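Its first residue numbered 511, the sequence shown is counted upward by one per residue in this note's numbering.
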Amino acid sequence: MKILHITNFASREILDGGVNREEALAAFLSARGSVRLIVQDARFKRDQVGRLLRLRRLMREIDLVAPEIVVLNYPAYPFFWQHTVTKYYKMSLAFTRRLRRWANSHGAQVIIDVMDLPLYQYEDVGLPMDMSTEDFRAFDQKVLGSADRLWVCSHHLSELTTEQYGVPSERICSVVNGSNACFATTDPTKQGPFKFVYCGSLLKHRGVEQMIRDFVDCRLENVELHLAGADGDWIPGAFSNSGIVYHGSLTDSAACELAAKCEVGCIYYPQKGYYHLAFATKLALYVCCGVPVLCTDVAETGGAVRAMGVGRVVDIADYGRGMREMASDPATRKSYETALRAAAAKLSWNAIYADAWESSGLEEQGS
């Protein structure tokens, strides 16, 4: 089976402890003999003339590979650039139409792996968009509706895709975020402070500042809060508490190493809008490291924590109390170890994409 994976970027280190979904998918497909077409390599120059020729070159490459399956990442979709989509709008839609026609005429399938829905994310977070909501929704509908299968990063976002874009549910597979972290068992001889850890974006709009204040207000002795992520340079100036340790931006592997040395992973999502729908990448990171979590009561991520039994879910107003209660038991991490180990096996990237592959009816066709 010939597989073509069209993506925007080659291998790169992801900072702020994030999980590289795009690279995980590339590794999974590579193990099945896929060809990876990187739209930012030398054949697709980013200068103005190069952009004009990009569409023709891309279709030529698809013809040369002649794949039976074409896989794309969204929103890292060819020509689709976050925040500034307008100048790529026509090229994106032209490519979508041509790829659909090509797939129909060659009996190929198109799979789009959806790691986020920027329209709803940007609206909730307040990030700028250079398209109207109506135009953005129409754009999404055409792009996502062109696929034979959509692999969507959460169960709730899968439902939203059907409700808002009319994509039939039978064409959608919920494919949550995973991790390649190595499970770290509890060290019974470990000494030192009880450690909470937060790996992820430290932008204030995510509520991180209030999470830190909740920790400070607890006045816990021999307890630390470790923070790793991008956009957190404001933290040392805002908090001088010796129990707050800011690590700056870390690669995914370094974030996993940090998390594995801590007792509880923090997930502090605002209990509103898009945050209710998204599956937090940091959940898989913590679980696969063998670390239980303390999560705010959000539908998708909180529901997963409850279902897997890998931590506690509390109302956001009670987050400080949750910290205090978990820190009061030195054996907190050990008590969750069995559930964490079972969940980690399901949240490895390979297991996640293997399930998606099989659910899409592809495994029996060969790999």
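For glycine and all other residues, C-beta sits at the position ideal for the given N, C-alpha and C. Predicted, not measured: the structure shown is a model, and the values here were computed from it.
Query - Start-to-end residues for the beta strand (DSSP E) that takes in Leu582 - result: Ile579 to Tyr584
Query raised in the report: At a cut of 8 Å, does the region 764-780 reach the region 743-756 through at least three beta carbon pairs?
Result: no
Requested in this report: Output the residue ranges of the alpha helix (DSSP H) runs that lie fully inside the region 779-809 and measure 4 residues or longer, sorted by chain position.
Outcome: 783-787 and 791-799
**Report entry** Opposing strand residues paired with Phe706 [DSSP bridges]
**Finding:** Leu735 and Val774
Report task. Locate the beta strand (DSSP E) running through Asp724, then write down its first and last residues. Result -> Run containing Asp724: none in the beta strand (DSSP E); it sits in the alpha helix (DSSP H), Val718 to Cys728.
Requested in this report: Look at the Cβ atom of Ser684, then the Cβ atom of Val718, and state whether they are nearer than 8 Å.
Outcome: no
Requested in this report: Kindly confirm or deny that the region 699-712 and the region 846-858 touch, where touching means at least three C-beta pairs closer than 8 Å.
Outcome: Taking 8 Å as the limit for Cβ pairs, the verdict is that the region 846-858 does not touch the region 699-712.
Report task. Report buried or exposed for Arg611, applying the criterion of at least 16 other Cβ atoms within 10 angstroms of its Cβ. Result -> exposed
Report task. Tell me, please, which residues DSSP counts as bridged to His757. Result -> In the DSSP output, where bridge partners are listed per residue, His757 has none listed.
Query raised in the report: Tell me, which residues are paired with Val824 by DSSP?
Result: Thr806
Query raised in the report: Going by the CB atoms, is the gap between Ala691 and Cys799 shorter than 8 Å?
Result: Yes, they are a contact pair.
Query - Buried or exposed (CB count within 10 angstroms, at least 16 for buried), Leu637 - result: exposed
**Report entry** Delimiting residues of the beta strand (DSSP E) encompassing Gln619
**Finding:** Gln619 to Val624 is the extent of the beta strand (DSSP E) around Gln619.
Report task. Could you have a look at Thr643 and say whether DSSP puts it in helix, strand or coil? Result -> helix
Requested in this report: Find out if the Cβ-Cβ distance for the pair Val580, Leu609 is shorter than 8 Å.
Outcome: yes
Query raised in the report: Could you give the residue range of the alpha helix (DSSP H) that holds Ser869?
Result: Trp859 to Ser869
Query raised in the report: Does the Cβ of Ser664 have 16 or more other Cβ atoms within 10 Å, making it buried, or fewer, making it exposed?
Result: buried
Query raised in the report: Using DSSP with H/G/I as helix, E/B as strand and the rest coil, what is Cys683?
Result: strand
Query raised in the report: If you draw a straight line from the alpha carbon of Glu835 to that of Gly783, how long is it in whole angstroms?
Result: 28 Å
Report task. Would you mind working out which of Asp828, Val545 and Pro840 sits nearest Phe725, comparing C-alpha positions? Result -> Asp828
**Report entry** Own chain partners of Asn687 with C-beta closer than 7 Å, once the 5 adjacent residues on each side are dropped
**Finding:** Val529, Arg531, Cys663, Phe789, Thr791 and Ala794.
Query raised in the report: Taking C-alpha atoms, which residue in Ala657, Ala536 and Ala534 lies nearest to Ile621?
Result: Ala657
Query - Three-state secondary structure assigned by DSSP to Leu712 - result: coil
Report task. Drop a sphere of 10 angstroms on the beta-carbon of Gly871, count the other beta-carbons inside from all chains shown, and report buried for 16 or more, exposed for fewer. Result -> exposed
Query raised in the report: Around the C-beta of Ala841, are 16 or more other C-beta atoms found within 10 angstroms, so that it is buried, or is it exposed?
Result: Result: exposed.
**Report entry** Cβ neighbours of Ala534 in the same chain (closer than 6 Å, five flanking residues each side left out)
**Finding:** Trp859
Query raised in the report: Run through DSSP, which three-state label would Val545 get?
Result: strand
Query raised in the report: Looking at C-alpha atoms only, which residue of Glu673, Ala536, Thr695 and Thr848 is the closest neighbour of Met818?
Result: Thr848
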